[in-house]
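Input: a single structure, listed below in structure tokens.
In my numbering, the protein residues as written are 17 to 554.
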């Protein structure tokens with residue numbers, strides 16, 4: 017998997033458009049980086065940049081941004097609503113895909129060392145990169161802010177981890193490290209900053225201090241007034257959205273605002289948000305309101321509307337959801353062909369695509385037909401009494417169809433590793449052993465792909481039985497074809513498993529794989545007969 021790290025540097029400049037753009041341009045022009053969000057705040061006098069890239073790329077991007085800030089930002093002249101102690105105030109690195117937290121810690125240290133050496137600026141390590149507990153949390157290391165920094169740096173306890181020991185007045189200090197995905201989130205209040213702060217104190221984990229904790233864990237925040245919106249905001253960092261989800265915080269703010277006779281006017285995500293956080297919100301509102309929504313796009317729309325995420329600026333999922341931003345187009349040359357071209361490819365004088373790809377396509381057609389019939393039954397007035405059954409079947413068949421389609425190309429590419437092994441040298445005993453190991457691993461891959469097709473197909477039978485029993489009788493033949501196609505697709509994948517198993521030397525793998533494949537094939541035969549039997553009675 018491609019390694020992707022998110023970097024979210026916060027700079028103490030939110031008013032000078034030329035400086036804001038210069039920092040953004042430095043990141044944008046760094047190879048291996050994609051700048052995905054720039055969020056300046058006039059009142060806070062702060063800009064949050066969000067970019068993603070390879071481990072090497074994000075280090076270069078952060079360094080390029082720091083160079084501009086070193087030249088153009090002077091902390092001696094800075095005043096703003098947001099707590100801060102440096103020109104580049106914080107620079108966290110966040111694992112997104114194919115990378116561990118430990119790797120992000122190392123990336124933060126590489127960045128701090130290089131920036132300290134080149135720009136003569138000091139750094140603290142925080143969160144997962146900190147080697148002392150009292151330096152782990154940002155509020156602790158930022159206590160006293162910029163104004164108290166000169167005095168604090170005289171204490172050996174607060175000696176910088178990198179860079180000069182003395183106070184650098186034009187810069188201050190930067191905190192860098194690694195952390196989990198943090199959601200910067202604001203809820204708009206039609207009230208005063210004091211009222212917004214009162215709500216924040218009731219909800220944030222620290223509450224009003226020792227002995228008066230707030231209600232929600234993994235929440236840091238405050239209340240303020242944003243002049244450009246002419247609204248107060250409860251502004252928070254949700255440091256673990258799995259502990260306190262975004263929708264939970266929004267709903268709790270609504271409760272607090274109602275007690276003060278205040279209106280909530282939507283909310284905003286600063287920067288980007290994980291897809292899972294919005295889907296959790298969607299599931300909450302779906303359950304709360306008794307809705308039936310199975311498509312991801314519609315779930316996102318629901319979450320956006322219920323939390324008013326469009327209230328300040330348009331919320332565009334392709335620009336705000338991290339998975340959509342870093343998503344690459346799938347490498348599916350076969351699945352992307354027209355039906356005519358796909359069949360012609362199969363019929364060409366080449367060994368691939370062959371029976372495996374055809375089997376995956378046929379299985380996907382089978383689940384697709386079941387999905388079609390269930391959707392044609394759902395929402396139709398004369399089938400009102402069977403709606404609960406369709407609600408059960410539709411998401412399963414819809415999702416399985418989407419999962420089976422990529423198996424068309426996966427099967428064709430499954431032999432790549434085996435073929436690489438076949439071409440390896442075999443002059444010495446060592447080379448022969450390496451070649452044999454590569455070929456065996458390749459065969460296992462070539463088995464696991466059709467076995468995955470079988471597993472996916474196997475998950476569809478119960479839903480297909482529901483469709484056979486309760487689906488629109490006018491679509492009886494579609495369900496029949498679907499059942500036979502699914503069985504045929506599973507049977508074809510089974511044959512691919514069998515033929516490749518002949519070359520496997522690992523007896524444990526061989527026995528386990530064959531036992532699973534045979535059980536799935538037997539179930540396919542039985543369930544297909546059951547579906548057809550139900551339809552005969554229609």
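Glycine included, every Cβ here is placed at the ideal spot set by N, Cα and C.
Cβ-based burial, residue i [other Cβ within 10 Å; buried from 16]
| i | result |
| --- | --- |
| residue 316 | buried |
| residue 376 | buried |
| residue 261 | buried |
| residue 414 | buried |
| residue 359 | exposed |
| residue 218 | buried |
| residue 181 | exposed |
| residue 34 | exposed |
| residue 273 | buried |
| residue 108 | buried |
Beta carbon of residue i nearer than 8 Å to that of residue j
| i | j | result |
| --- | --- | --- |
| residue 2 | residue 189 | In this structure the chain extends from 17 to 554, so residue 2 is not present and cannot be described. |
| residue 211 | residue 248 | yes |
| residue 520 | residue 450 | no |
| residue 60 | residue 102 | no |
| residue 259 | residue 294 | no |
| residue 418 | residue 406 | no |
| residue 66 | residue 22 | yes |
| residue 199 | residue 254 | yes |
| residue 368 | residue 461 | no |
| residue 30 | residue 47 | no |
| residue 486 | residue 455 | no |
| residue 221 | residue 207 | no |
| residue 144 | residue 78 | no |
| residue 468 | residue 423 | yes |
| residue 287 | residue 327 | no |
| residue 131 | residue 137 | yes |
| residue 476 | residue 514 | no |
| residue 319 | residue 292 | no |
| residue 420 | residue 472 | yes |
| residue 310 | residue 381 | no |
| residue 506 | residue 379 | yes |
| residue 186 | residue 90 | yes |
| residue 114 | residue 20 | yes |
| residue 75 | residue 123 | yes |
| residue 536 | residue 474 | yes |
| residue 416 | residue 496 | no |
| residue 142 | residue 152 | yes |
Three-way DSSP call (helix, strand, coil) for residue i in this model
| i | result |
| --- | --- |
| residue 22 | strand |
| residue 311 | coil |
| residue 467 | helix |
| residue 225 | strand |
| residue 282 | strand |
| residue 302 | helix |
| residue 541 | helix |
| residue 44 | helix |
| residue 435 | helix |
| residue 475 | coil |
| residue 108 | strand |
| residue 87 | helix |
| residue 525 | helix |
| residue 62 | strand |
| residue 372 | helix |
| residue 10 | Residue 10 falls outside the range modelled here, since the chain spans only 17 to 554, and no answer is possible. |
Cut-off 6 Å between Cβ atoms - residues of its own chain near residue i, not counting five sequence neighbours on either side
| i | result |
| --- | --- |
| residue 197 | 110, 290 |
| residue 241 | 209, 248 |
| residue 178 | 128, 129, 132, 139 |
| residue 412 | 479 |
| residue 509 | 375, 466, 469, 470 |
| residue 492 | 551, 554 |
| residue 437 | 451, 454, 455, 458 |
| residue 516 | 459, 462, 463 |
Contact test: residue i Cβ vs the ligand COA heavy atom, cutoff 7 Å
| i | result |
| --- | --- |
| residue 24 | By its list of ligands, the structure shown contains no ligand whatsoever, and the ligand COA lies outside what it can speak to. |
Spatial neighbours of residue i in its chain, beta-carbon cut-off 8 Å, leaving aside the 5 residues before and after
| i | result |
| --- | --- |
| residue 50 | 67, 68, 69, 341, 342 |
| residue 347 | 425 |
Contact set for residue i: own chain, Cβ-Cβ below 7 Å, skip 5 residues either direction
| i | result |
| --- | --- |
| residue 256 | 196, 234 |
| residue 168 | 160, 174 |
| residue 278 | 205, 206, 207, 211 |
| residue 457 | 433 |
| residue 392 | 488, 491 |
| residue 85 | 27, 39, 103, 104 |
Within-8 Å CB hit, residue i to chain D
| i | result |
| --- | --- |
| residue 166 | Absent here is chain D; the protein component of the structure consists of one chain. |
Three or more C-beta pairs under 8 Å: does that hold for the stretch 227 to 235 against the stretch 301 to 312? no
Given 8 Å as the limit, is there contact between the stretch 473 to 480 and the stretch 381 to 401, that is, 3 or more CB pairs closer than that? yes
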